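Visitor: The following block contains the structure, expressed as structure tokens.
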Ligand SMILES: CC(C)(COP(=O)(O)OP(=O)(O)OC[C@H]1O[C@@H](n2cnc3c(N)ncnc32)[C@H](O)[C@@H]1OP(=O)(O)O)[C@@H](O)C(=O)NCCC(=O)NCCS
């Protein structure tokens, strides 16, 4: 059941707790070949299962402390946004979002890689985002629905709101293909690096506040 309908010209729907698994399933399919998750979980079948575990926690976090949006009751596309007050993820909130399942359901190697990835990106994020900002935690579209405007619809909805609030927006990506898409929506690269001990590239992108 869809919990909160936002009547809006963008037809964007805000999801609640009862849609966590459905939203995580869409994101898991979208991120199956994402460079970060290929690095974290090289085996494709293990990755499919682990992605659902990780993304259920992330979507629940978004529902509890931010906003999770989709395009229709079919949940073809999902965004997870964290607002200025909660843009940096907290350990206790992660636990309240079911984060312990990461320890019990993921392999030791995946947890170690996730830990190393966070250890190198969290300080970067803190340094680059000193002002209040919205954080785009995840955006993903079901593979069968990609390149049909679903991501654009979700992004435009939130970016117009962020602009009305005169706030900047931050995101990071490990996928070179996405950099140009985000530039198309007004983000600029503020940091480009390689995650130490891996071949994983990392781009931090900021969309400046409008006056
Ligand atoms: C990245 C992703 C979310 C894009 O979703 P999508 O629904 O296919 O995107 P859309 O069809 O809405 O297109 C988005 C816009 O980017 C534009 N765009 C696409 N490729 C572009 C490129 N190489 N350069 C510039 N603009 C580009 C499109 O023209 C479109 O602009 P428009 O709305 O003004 O016409 C989707 O491919 C996906 O889920 N990928 C896997 C998961 C992922 O990588 N998520 C992001 C992690 S950081």
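Residue numbers (the numbering used here): 8 to 218.
Ideal Cβ positions, reconstructed from N, Cα and C, are used throughout, including at glycine.
Being a predicted model, the structure only gives us computed values, none of them experimental.
1. Helix, strand or coil for residue 140, going by three-state DSSP, please let me know.
2. If you compare alpha carbons, which of 62, 103 and 88 is closest to residue 168?
3. Inspect the CB distances between the stretch 166-182 and the stretch 149-158 and report whether three or more fall short of 8 angstroms.
4. Any chance the CB of residue 69 is under 6 angstroms from a heavy atom of ligand 1?
5. Quick one, which of 102, 104, 18 and 116 has its alpha-carbon nearest residue 53's?
6. Is the stretch 36-43 touching the stretch 90-97, taking contact as three or more C-beta pairs under 8 angstroms?
7. So, helix, strand or coil for residue 195, using DSSP?
8. Any chance the stretch 66-76 sits against the stretch 17-27, with 3 or more Cβ pairs inside 8 angstroms?
9. Look at residue 34 and residue 70 and say whether their C-beta atoms are less than 7 angstroms apart.
10. Determine the burial state of residue 181: buried for a count of at least 16 other Cβ atoms within 10 Å of its Cβ, exposed for fewer.
11. Give a yes or no on whether the C-beta atoms belonging to residue 194 and residue 212 are separated by under 7 angstroms.
12. Using 8 angstroms for Cβ pairs, my map puts residue 46 next to residue 123. What's the rounded Cβ distance?
13. Kindly indicate the opening and closing residues of the beta strand (DSSP E) around residue 38.
14. So residue 271 and residue 64 are in contact, right, with Cβ under 8 angstroms, and what is the actual spacing, rounded?
15. Based on DSSP bridge pairs, tell me the residues matched to residue 178.
16. Determine the closest residue to residue 6 out of 148, 190 and 200, with distance taken between C-alpha atoms.
17. Going by DSSP, name the residue or residues bridged to residue 147.
18. Would you mind sorting residue 210 into buried or exposed? The rule is 16 or more other CB atoms within 10 Å of its CB.
19. Rounded to the nearest angstrom, what separates residue 102 and residue 190 at their Cα positions?
20. Leaving aside the five residues before and after residue 201 along the sequence, list all residues of the same chain whose C-beta is less than 8 angstroms from its C-beta, in chain order.
21. Based on DSSP bridge pairs, tell me the residues matched to residue 200.
Guide: Well, looking at it:
1. Coil.
2. Among 62, 103 and 88, the Cα nearest to that of residue 168 belongs to 88.
3. No: the two stretches stay apart, fewer than three of their Cβ pairs being nearer than 8 angstroms.
4. If you check the C-beta of residue 69 against ligand 1, you find no heavy atom less than 6 angstroms away.
5. The option with the nearest alpha carbon to residue 53 is 116.
6. Contact fails between the stretch 36-43 and the stretch 90-97, because fewer than three Cβ pairs, one in each stretch, are under 8 angstroms apart.
7. DSSP places residue 195 in strand when its eight states are reduced to three.
8. Segments in contact, yes.
9. Judged by beta-carbon spacing, residue 70 lies beyond the 7 angstroms limit of residue 34, meaning their Cβ atoms are not closer than that value.
10. The Cβ neighbour count for residue 181, taken over all protein chains shown within 10 Å, is at least 16; the residue is labelled buried.
11. Taking 7 angstroms as the cut-off, the beta carbon of residue 194 is found closer than this to the beta carbon of residue 212.
12. Contact annotation, residue 46 with residue 123: C-beta distance approximately 10 angstroms; criterion of less than 8 angstroms not satisfied.
13. Counting along the chain, residue 38 falls outside any beta strand (DSSP E), and DSSP gives it neither H nor E.
14. The displayed coordinates of the chain run from 8 to 218. Any statement about residue 271 would go beyond what the structure contains.
15. Partner(s): 212.
16. The question about residue 6 has no answer, for the chain in this structure spans 8 to 218.
17. Partner residues in the beta bridge of residue 147, as assigned by DSSP, are 85.
18. Flag for residue 210 reads buried.
19. Cα to Cα, the separation comes out at about 34 angstroms.
20. Here the set comprises 207, 208 and 209.
21. BP columns for residue 200 point to 209.
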